[in-house]
Amino acid sequence: MQDLRTLDLQYLPGIGPARAKILHDQLGLSNWHDLLYYLPYKHIDRTRLYAIRELRTDMPFVQVKGWLLGFEKVGEGRKSRLVGHFTDGHDVMDLVWFNSVTYLTRTLKLRHPYIVFGRPSVFNGRITVTHPDLDDAASLALSKMGMQPYYTVTERMKKGGLTSRSMEHFTSTLFRQCTQLVPETLPDYLRGQLHLLPLDEALRAAHYPSSAQQLSAAMYRLKFDELFYVQLAILSLSHKREQQVGGHVFARVGPLFHAFYRQYLPFSLTQAQMRVIREMHADMQSGRQMNRLLQGDVGSGKTLVALLLALLAVDNGYQACLMAPTEILAEQHLHTFRQLLSDMPVQVELLTGIVKGKSRRRVLDDLQAGRVNVLVGTHAIIEDQVKFARLGLVIIDEQHRFGVAQRAVMWGKNVQPPHVLVMTATPIPRTLAMTLYGDLDVSVIDELPPGRKPVETQHVYENRMEDLYVRIRTQIEAGRQVYFVYPLIKESEKMDLQNVEEGYARLQKVFPMFRVSMVHGKMKPAEKEEEMRRFVAGETQILVATTVIEVGVNVPNASVMVIQNAERFGLSQLHQLRGRVGRGAEQSYCILVTNYQLGGTARRRMEIMTETNDGFEIAEEDLKLRGPGDLEGTKQSGVALDLKIANLARDGQIVQQARDVAAAVLRQDPSLSDPAHRPLLAHLQQLEQREVDWGAIS
Ligand code: ADP
Ligand code: MG
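Each residue of the sequence shown is one higher than the last, beginning at 1 in the working numbering.
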């Protein structure tokens, strides 16, 4: 059979160039294969007939068999309508048309058996169907119609006369034209084991099922297919890397690590911190390159883990670097590292966009000469001019702003790629991690340092600000500091900035006895730094900020986080912000301020925040509320992820099954060279061709 991807849609009978263009522009469909996979969003059972007495207004489309008793024209001019009185022999309902009145009265026959198809409503106390489909009962073989598919079409398409019915027409033509079977993508033995329908049968049934059961079997097969190939691609990619790329061996736990651990570590590590360090050290001794994701809730002490791993690298004669998503955060890491390592012979330097001129030159030279042991910075580290003498470990903090591409560039900073650790405070559910970060091993810090009091979270409406100010005053008088955070997004940047500045002015008025600083992304770096410094040093008591402080900022003395317009933040963002307080020994508070009128999901987000402090629980809820689509941007696996049929949030079980089956197949036959696996290899290569090959960049 010819590859359906090579057949242009305009050559499918009934389509032609004009409609092909609409299908392409509106739905992104360009060939027969695309249409084959353009699945209906629902089906309606056309095998069942209803009695008028059974009809309810909450029913979807239904059909009734009967005959017309008579017509009535109601109203005048543009508002006129035609009402047909239709009976099934027991009761009467109204059929209503607002146009084609003359045509209808001429062509529809009274006392002739018809099947009415439409959505029931009630008008003037009578069951009414507006603009129904009316088919001659004799010409319509209901048993053959089965489940009728409904396709999503855009408004533009409807205006151009392309409806769900037209799509139905196209797909049924497509299946009539494809007399040969759509080629199978799974080996028979796997299909047999897993009780999956053949692909051809599944595709036909996904459009034209004979029953609800057949439809769900078909959807299962198609979802499995999609998820299985994603997992197979991810697993074979990481397998290939493992074969090709060796790892630097950090054989010894040397003097720096020991000295720091024994003498300078300000507290003892938590069990979880020790465990993840052991896991990573095992990787770094193994001769394999480490690619690991470290998940740990905000405040769980990831920075310290990063520091200890950097010392391991230096002990073994390597350089390490730590990359942060913002300048503020990079500077804070630099500060933490320098402070903790002040009595040790470890050279730590900073490289961000604001390190310029002579000092930049010096850092770059020292780095290349090997005089810098640990480099802390931002994206600036990725640039070509940044060359290391012997880079052995790359740590990426708060990963969600670094994609797989940046990671690949960092691999290229040494002839043999360095170990890579990605740290994130946004835990994601397992099935999603498996897919988004499929080629990363995962370590989890599931324990907070001792002595932390959970942050108390409250939801407050805007009109109760006065009470809030009183409570804040008490906190500050007791020596604490307070954050006020405002949303800032591109689309409404101007107004958002105005809000921040107004907030700043208002707080200065409300609290004349305290000092207030302000940071937002539009300020000059030096200004920002100075404002931040004043707050960190305790010279100001209140910090008004946009989400630039979202990640990482650490001021243990701050005990209140007020989030303005909290409804405009996503759950994981709110959780991140909340993580900025509760870092010291004092009871801390997170106050979510919103408007009185809240949408359903916004209200739910506030509820979840006040109910739990557990980042993993929040991540699960977040996924349910948003769907995984939004997470696409954080994709780390280097594998195509434009899922069309399966849904990572809803189909977690199938993800797991697909993962297990893919792993079993590769265990048995890592290169997929077994003849039975030929279709797998072919399909996989086809998928890989359509993706940039990040593996090749290293
Ligand atoms: P995150 O995981 O959010 O990056 P940090 O590394 O910023 O967390 O740590 C939060 C705070 O907890 C810091 O002030 C840090 O010094 C402190 N901390 C880290 N580990 C421990 C520990 N084992 N015991 C006590 N405090 C710790
Ligand atoms: Mg951190």
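Even for Gly, the Cβ is constructed at its ideal location relative to N, Cα and C.
Model, not experiment: these values are computed from the prediction.
Taking only the alpha-carbon atoms, compute the straight-line gap between LYS387 and ASN595 and give it to the nearest angstrom.
It is roughly 51 angstroms from the alpha-carbon of LYS387 to the alpha-carbon of ASN595.
So what's ALA558 in DSSP terms, helix, strand or just coil?
For ALA558, the three-state secondary structure derived from DSSP is strand.
What first and last residue would you give for the alpha helix (DSSP H) that runs through GLY192?
Counted as a single uninterrupted DSSP element, the alpha helix (DSSP H) harbouring GLY192 occupies residues 188-194.
Rounded Cβ spacing between PHE569 and PRO487 (contact assumed at less than 8 angstroms):
Indeed they touch by this definition, with Cβ atoms about 6 angstroms apart.
Three-state secondary structure assigned by DSSP to VAL74:
Here VAL74 carries a strand assignment [DSSP, helix/strand/coil].
Report all residues from its chain with a CB closer than 7 angstroms to the CB of PHE61; omit the five preceding and five following residues, and keep chain order.
Here PHE61 has ILE44, PHE117, GLY118, ARG119 as same chain residues with Cβ atoms under 7 angstroms from its own Cβ, once five neighbours each way along the sequence are excluded.
Own chain partners of ASN557 with C-beta closer than 7 angstroms, once the 5 adjacent residues on each side are dropped
Excluding positions up to five away in sequence, the list reads ARG480, GLN481, GLY538, GLY584.
CB-CB under 7 angstroms to LEU104, same chain, minus the five flanking residues each way: which ones, in chain order?
Cβ neighbours of LEU104 beyond the five flanking positions: LEU82, TRP97.
Consult DSSP for GLU632 and reduce its assignment to one of helix, strand or coil.
Note that GLU632 scores a pLDDT of 42, beneath 50, so its modelled location is shaky and nothing firm can be said.
Around the C-beta of LYS223, are 16 or more other C-beta atoms found within 10 angstroms, so that it is buried, or is it exposed?
With 16 or more other Cβ atoms within 10 Å, it is buried.
Kindly confirm or deny that the region 660-675 and the region 217-237 touch, where touching means at least three C-beta pairs closer than 8 angstroms.
Yes, the region 660-675 touches the region 217-237.
Nearest-angstrom Cα separation, counted from TYR151 out to ASN414
So the two alpha carbons sit approximately 52 angstroms from each other.
Please identify the residue among MET274, THR179, HIS248 whose C-alpha is closest to the C-alpha of GLY317.
Ranking MET274, THR179, HIS248 by Cα distance to GLY317 puts HIS248 first.
Any heavy atom of the ligand GTP closer than 6 angstroms to the Cβ of LYS302?
The model depicted lacks the ligand GTP and carries the ligand ADP and the ligand MG instead.
Using beta-carbon positions only, say whether MET93 and ILE127 come within less than 7 angstroms of one another.
MET93 places its beta carbon less than 7 angstroms from that of ILE127.
According to DSSP, is MET167 part of a helix, a strand, or is it coil?
DSSP places MET167 in helix when its eight states are reduced to three.
Kindly list the residues whose CB is nearer than 8 angstroms to the CB of GLY89, restricted to its own chain and excluding five residues on each side of it in sequence; keep chain order.
Only GLY66 meet the Cβ criterion.
VAL394 beta carbon less than 7 angstroms from that of SER374:
Residue identity check: residue 374 is Val in the sequence provided, not Ser. Contact flag unset, no.
Look at the alpha carbon of VAL245 and the alpha carbon of LEU194, and state the distance between them as a whole number of angstroms.
Approximately 35 angstroms, taken between the alpha carbons.
Could you compute how far the alpha carbon of ARG650 sits from the alpha carbon of VAL544?
The straight-line gap from Cα to Cα measures roughly 39 angstroms.
Between GLU447 and ARG292, what straight-line distance do the alpha-carbon atoms span, to the nearest angstrom?
So the alpha carbons of these two residues sit roughly 19 angstroms apart.
Under 6 angstroms: does the beta carbon of LEU269 sit that close to some heavy atom of the ligand ADP?
LEU269: yes, Cβ under 6 angstroms from the ligand ADP.
ASN499, enclosing alpha helix (DSSP H) - first and last residue
Under the DSSP assignment, ASN499 falls in the alpha helix (DSSP H) whose first and last residues are 493-510.
Is the beta carbon of ASN554 within less than 6 angstroms of some heavy atom of the ligand ADP?
Flag set: Cβ of ASN554 near the ligand ADP.
Applying the 10 Å Cβ sphere with the 16-neighbour rule, what's the burial state of TYR11?
With fewer than 16 other Cβ atoms within 10 Å, it is exposed.
C-alpha distance - GLN2 paired with ASP34, whole-angstrom precision:
Rounded to the nearest angstrom, the two C-alpha atoms are 14 angstroms apart.
Reducing DSSP to helix, strand and coil, say where PHE117 ends up.
DSSP places PHE117 within a strand segment (E or B) once states are collapsed to three.
Return the chain-ordered list of same chain residues with a C-beta closer than 6 angstroms to the C-beta of ALA587, the five sequence neighbours on each side being excluded.
The identity of residue 587 in the sequence shown is Gln, whereas the question assumes Ala. Answer for GLN587: LYS453, listed in chain order.
Taking DSSP's pairing of strands, which residues face TRP411 in a bridge?
Under the DSSP definition of a beta bridge, TRP411 lacks any partner.
Member of LEU684, GLN685, SER671 whose CA lies at the smallest distance from the CA of HIS239
For the residues LEU684, GLN685, SER671, the minimum Cα distance to HIS239 belongs to SER671.
Say the cut is 6 angstroms; is the CB of GLY615 nearer than that to a heavy atom of the ligand ADP?
Outside the cutoff, so no.
Answer yes or no: do PRO209 and LEU215 have a C-beta to C-beta separation smaller than 7 angstroms?
A contact, by the Cβ cut-off of 7 angstroms.
Secondary structure at ARG288, three-state DSSP: helix, strand or coil?
If DSSP states are grouped into helix, strand and coil, ARG288 belongs with the strands.
Considering only their Cβ atoms, is the gap separating LYS302 from MET147 smaller than 7 angstroms?
No, the pair does not count as a contact, with Cβ atoms beyond the cut-off.
Segment limits, alpha helix (DSSP H) that includes ALA663:
That run of the alpha helix (DSSP H) goes 652-668.
Assign MET513 to one of three DSSP states: helix, strand, or coil.
For MET513, the three-state secondary structure derived from DSSP is coil.
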